[in-house]
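To start, the structure under review is shown below, and the notes come after it.
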Amino acid sequence: LLKRVIKAEKLEVVSHLAASISHEVRNPLTTTKGFLQLLREEDISQEKKEEYIEISLNELDRATNIIKDYLTFARPEAENNHPIEIHTELRNCINVMSPLAQMENVQFNENFSSDDILVLGDPLKLKQSLINILKNGIESYSSGGIIEISTIKEDAHIKIVISDYGKGMTDDQVLRLGEPYFSTKSNGTGLGMMVSFSIIKAMNGHIYVKSQPGAGTSFTIFLPIYLKLSVSQQY
Ligand code: ADP
Ligand code: MG
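Residue numbering for the sequence shown follows the UniProt record's numbering, beginning at 188 and increasing consecutively.
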């Protein structure tokens, strides 16, 4: 059994995310504009028309997906840190992804530590990060399966493990994970993992990825536990 563990820290991008979005979305929009202009020409075959329309629709999907990966929930430039109850947040993410999961025949199994655990961060960004991971899990299946989400307290950290038993990744793919534009999907952005890793990093967390082609993938996320001072400790 070949395992690969990486530590995702190639990402200094978090502060560049906001600037990136307008740049990223501009490319598919420019392409679409070009093909719409071509459609105006008179002596264009029906076949060509269909082709241009198909490309335009795909490019618009791409623009939408880029926006989804970056800012379904959070404005990247905003800093809005709060104590977050991690299990509440995870359940929330699972609920948000349930319709897509159901459509794809994917079931979430949760196995949470019974502790109430706080982490410090921007709740909307954390949600974006977790959802991008859950979405990839769902997309790793071609005809449904299970995604396991478990948590356990380990000293000063909460460890969150998100596992699928889908198509998995080769070593090379694991190493490229989080690299901007690395995608193996026809309508992929290759930005979802970059966004996830950046957000976890900004929370002083770490992500480890273990994957095997045909067997599945598991993401292990460590986040520092936030300890509230009790009243008697305050001055
Ligand atoms: P996208 O999902 O748009 O392709 P991501 O940055 O989210 O971009 O993921 C990059 C690539 O990493 C995916 O295209 C896929 O090849 C691989 N990947 C990520 N998560 C998984 C997973 N759970 N199972 C298999 N492959 C994955
Ligand atoms: Mg993705």
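C-beta: ideal position from N, C-alpha, C; glycine also.
Residues near residue i by beta carbon distance below 7 Å, same chain, minus five either side
i, result
"Tyr413", "Pro270, Leu305, Val306, Leu307"
"Ser329", "none"
"Ala250", "Val212, Pro215, Leu216"
"residue 424", "Outside the displayed range of the chain (188 to 422) lies residue 424, so it cannot be described from this structure."
"Tyr239", "Phe222, Leu225, Leu226"
Member of the options whose CA lies at the smallest distance from the CA of residue i
i, options, result
"His344", "Lys220, Leu410, Asn298", "Leu410"
"Thr218", "Thr275, Ser243, Asp309, Glu237", "Ser243"
"Thr275", "Glu291, Asn267, Asp303, Asp248", "Asp303"
"Ile281", "Asn319, Thr251, Asn245", "Asn319"
"Asp351", "Glu211, Ala288, Ile231, Asn268", "Ala288"
"Glu241", "Leu223, Tyr257, Glu229", "Leu223"
"Ile334", "Ile387, Met284, Gly379, Phe295", "Phe295"
"Glu291", "Lys322, Gln360, Glu229", "Lys322"
"Glu266", "Glu246, Val396, Asp309", "Asp309"
"residue 138", "Gln315, Phe406, Glu238", "Outside the shown range of the chain, which is 188 to 422, sits residue 138, and nothing can be said about it."
"Glu246", "Thr404, Asn268, Ser373, Lys415", "Ser373"
Residues near residue i by beta carbon distance below 8 Å, same chain, minus five either side
i, result
"Gly377", "Glu366, Pro367, Tyr368, Phe369, Ser370"
"Leu277", "Glu297, Phe299, Leu317, Ile336, Thr338, Ile347"
"Glu341", "Phe409"
"Leu189", "Model confidence at Leu189 stands at a pLDDT of 43, short of 50, so the residue's coordinates are unreliable; what they give is reported in the following sentence. These residues qualify, in order along the chain: Asp358, Gln399."
"Ile253", "Ile208, Glu211, Val212, Pro215, Thr376, Leu378"
"Ile193", "Any answer about Ile193 is weak, because its pLDDT of 46 lies below 50 and its placement is not dependable; what the coordinates show is given next. So the list reads Val361, Leu362, Leu364, Tyr395, Val396, once near-sequence residues are dropped."
Cβ shell of residue i (< 6 Å), same chain only, five flanking positions each side left out
i, result
"Asn298", "Ser337"
"Ala402", "Gly355"
"Ile349", "Ile320, Ile336, Phe406"
Residues bridged to residue i [DSSP beta-bridge criterion]
i, result
"Glu237", "Answer by DSSP bridge pairing: none, since Glu237 is not bridged."
"Thr407", "Val348, Tyr395"
"Glu335", "Asn296, Ser350"
"Glu272", "Leu305"
"Ile412", "Val306"
Min CB distance residue i to chain C below 8 Å
i, result
"Leu287", "Going by chain labels, chain C is absent from the structure shown, which holds only one protein chain."
Checklist entry - Residues with a Cβ closer than 5 Å to any heavy atom of ligand 2, in chain order? => result Here the residues come out as Asn323, Gly379.
Checklist entry - Curious, which full-length beta strand (DSSP E) runs of at least 3 residues does the segment 337-381 contain? => result Complete beta strand (DSSP E) runs here, min 3: 344-351.
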